[in-house]
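Visitor:
Residue numbers (the working numbering): 1 to 241.
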């Protein structure tokens with residue numbers, strides 16, 4: 001199915017006259033189930049001041065076409081598409097629209113899928129079984145430049161090895177102290193605060209302080225987000241299969 005411009009007839013949630021609101025996140029929704037696609041579009045349309053759905057599609061081909069034409073801020077992409085896996089399509093989608101951030105969604109989740117989603121370069125992964133509030137949180141965070149992976153899947157990300165020296169070093173990492181990097185790497189490996197304290201020879205309280213400071217400095221809200229950041233920063237890498 002080719003990409004089509006989305007049609008939303010739901011009223012906006014109200015933008016006061018004379019205000020200059022932040023530009024809404026421009027979104028493309030791709031799901032092969034028409035009911036699910038229309039539901040997402042309709043629900044997002046209720047908050048038109050925050051979201052604008054510019055196009056929709058039902059397969060990977062339509063997703064690529066929509067990204068090329070509309071260059072959206074965010075692509076909400078189902079994984080189980082009729083012509084190609086959404087995960088497999090991510091590299092082509094990023095070529096079609098490099099600035100578009102990709103939020104994968106599916107009803108069937110395994111740890112392998114979470115890892116594959118990270119490997120593909122997707123910016124987030126959300127389950128259709130989550131609440132609408134969780135879904136909106138994922139949309140907001142990925143759309144604003146963060147990463148989102150459900151916290152109860154962070155265990156999937158412990159299948160990692162220390163990164164080789166010379167890996168990517170984003171500007172955010174430069175602002176971290178050596179000890180903060182050590183704590184971040186150990187958190188990403190799934191270590192508890194007690195285990196980190198023992199390995200680094202510091203108190204559990206000090207570990208918790210470093211964890212809090214990391215979240216503040218990196219603008220990350222949970223441990224799963226720290227794991228994703230560490231992976232993206234090159235501080236850790238996924239173990240080869």
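C-beta: ideal position from N, C-alpha, C; glycine also.
Can we say the region 98-108 touches the region 74-82, given the rule of at least three CB pairs closer than 8 Å?
Guide: As far as the Cβ criterion goes, the region 98-108 touches the region 74-82, which means the pair count is three or higher.
Visitor: Starting from residue 124, trace the beta strand (DSSP E) both ways and give me its first and last residue.
Guide: Taking the first residue of the chain shown as position 1, residue 124 is located at position 124. Here the beta strand (DSSP E) through residue 124 covers 124-127.
Visitor: Got a sec? Which residues, its chain only, sit under 7 Å from residue 90 by beta carbon, not counting five neighbours each side?
Guide: Here residue 90 refers to the residue found at position 90 of the chain shown. Once the five neighbours on either side are set aside, the close Cβ partners of residue 90 are 102, 120, 121, 122.
Visitor: Taking C-beta to C-beta, are residue 147 and residue 180 nearer than 8 Å?
Guide: Counted from its first residue, the chain shown places residue 147 at position 147. Counted from its first residue, the chain shown places residue 180 at position 180. No. Outside cutoff.
Visitor: Smallest Cα separation from residue 47: which of 25, 68, 31, 35?
Guide: On the chain shown, position 47 is the one that residue 47 refers to. Out of 25, 68, 31, 35, 25 has the C-alpha closest to the C-alpha of residue 47.
Visitor: Alpha carbon to alpha carbon, how far is residue 36 from residue 194? Give it in angstroms, no decimals.
Guide: Counting from one through the chain shown, the residue named residue 194 turns up at place 194. Counting from one through the chain shown, the residue named residue 36 turns up at place 36. Cα-Cα distance, rounded: 44 Å.
Visitor: Have a look at 206, 115, 27 and flag the residue whose alpha-carbon is nearest the alpha-carbon of residue 125.
Guide: By one-based count along the chain shown, residue 125 stands at place 125. Nearest of 206, 115, 27 to residue 125, Cα basis: 115.
Visitor: Taking C-alpha atoms, which residue in 80, 216, 191 lies nearest to residue 204?
Guide: One-based indexing of the chain shown puts residue 204 at position 204. For the residues 80, 216, 191, the minimum Cα distance to residue 204 belongs to 191.
Visitor: Excluding five sequence neighbours on each side, which residues of the same chain lie with their C-beta closer than 6 Å to the C-beta of residue 57?
Guide: In the chain shown, the residue the question calls residue 57 occupies position 57. Excluding residues within five positions, the ones whose Cβ falls inside 6 Å are 3, 30, 63, 66.
Visitor: Quick one: give me the first and last residue of the beta strand (DSSP E) that residue 88 is part of.
Guide: If you number the chain shown from 1, residue 88 lands on position 88. That residue, residue 88, is in no beta strand (DSSP E); its alpha helix (DSSP H) goes 86-96.
Visitor: Between residue 149 and residue 228, how many whole angstroms is the CB-CB distance? I'm expecting something under 8 Å.
Guide: Here the question's residue 149 lines up with position 149 in the chain shown. Here the question's residue 228 lines up with position 228 in the chain shown. Yes, they are in contact, since the Cβ atoms of residue 149 and residue 228 sit about 6 Å apart, within 8 Å.
Visitor: Closest by CA to residue 96, which one among 61, 186, 50?
Guide: Within the chain shown, residue 96 is the residue found at index 96, counting from 1. Residue 61 is the option with its Cα nearest to residue 96.
Visitor: From residue 84 to residue 117, what distance separates their C-alpha atoms?
Guide: If you number the chain shown from 1, residue 84 lands on position 84. If you number the chain shown from 1, residue 117 lands on position 117. Roughly 14 Å between the two C-alpha positions.
Visitor: Report the rounded CA-to-CA distance for residue 23 versus residue 201, giving the unit in angstroms.
Guide: Sequence index remark: in the chain shown, residue 23 carries index 23 (1-based). Sequence index remark: in the chain shown, residue 201 carries index 201 (1-based). About 48 Å.
Visitor: Have a look at the DSSP bridge pairing and note the partners of residue 101.
Guide: Position 101 of the chain shown holds residue 101. In the DSSP output, where bridge partners are listed per residue, residue 101 has 74.
Visitor: From what residue to what residue does the beta strand (DSSP E) around residue 206 run?
Guide: The residue you call residue 206 lines up with position 206 of the chain shown. Looking at the DSSP string, residue 206 is not in any beta strand (DSSP E); the run it does join, the alpha helix (DSSP H), is 204-218.
Visitor: Apply the 10 Å Cβ neighbour rule to residue 94 and answer buried if 16 or more other Cβ atoms are within range, or exposed otherwise.
Guide: Indexing the chain shown from 1 puts residue 94 at position 94. Buried, because 16 or more other Cβ atoms sit within 10 Å of the Cβ of residue 94.
Visitor: Please state if the CB of residue 59 and the CB of residue 81 are separated by a distance shorter than 8 Å.
Guide: Walking along the chain shown from the start, residue 81 turns up at place 81. Walking along the chain shown from the start, residue 59 turns up at place 59. The answer is yes: Cβ separation under 8 Å.
Visitor: Can you have a look at residue 161 and say buried or exposed, based on whether 16 or more other CB atoms are within 10 angstroms of its CB?
Guide: In the chain shown, residue 161 corresponds to position 161, counting from 1. For residue 161, the predicted structure reports a pLDDT of 43, less than 50, and the residue's modelled location is therefore unreliable. A value from the coordinates is still provided. It counts as exposed.
Visitor: Report the three-state DSSP secondary structure of residue 48 (helix, strand or coil).
Guide: Within the chain shown, the letter at position 48 stands for residue 48. Residue 48: coil per DSSP, three-state reduction.
Visitor: When DSSP labels each residue in this structure, what does residue 221 get in the three-state scheme?
Guide: Reading the chain shown from its first residue, position 221 is the one you call residue 221. Note: residue 221 maps to coil in three-state DSSP.
Visitor: For residue 234, which of helix, strand or coil comes out of DSSP?
Guide: Counted from its first residue, the chain shown places residue 234 at position 234. Residue 234: coil per DSSP, three-state reduction.
Visitor: From residue 68 to residue 53, what does the alpha carbon distance come to, in whole angstroms?
Guide: As a working note, residue 68 is residue 68 in the chain shown. As a working note, residue 53 is residue 53 in the chain shown. The straight-line gap from Cα to Cα measures roughly 15 Å.
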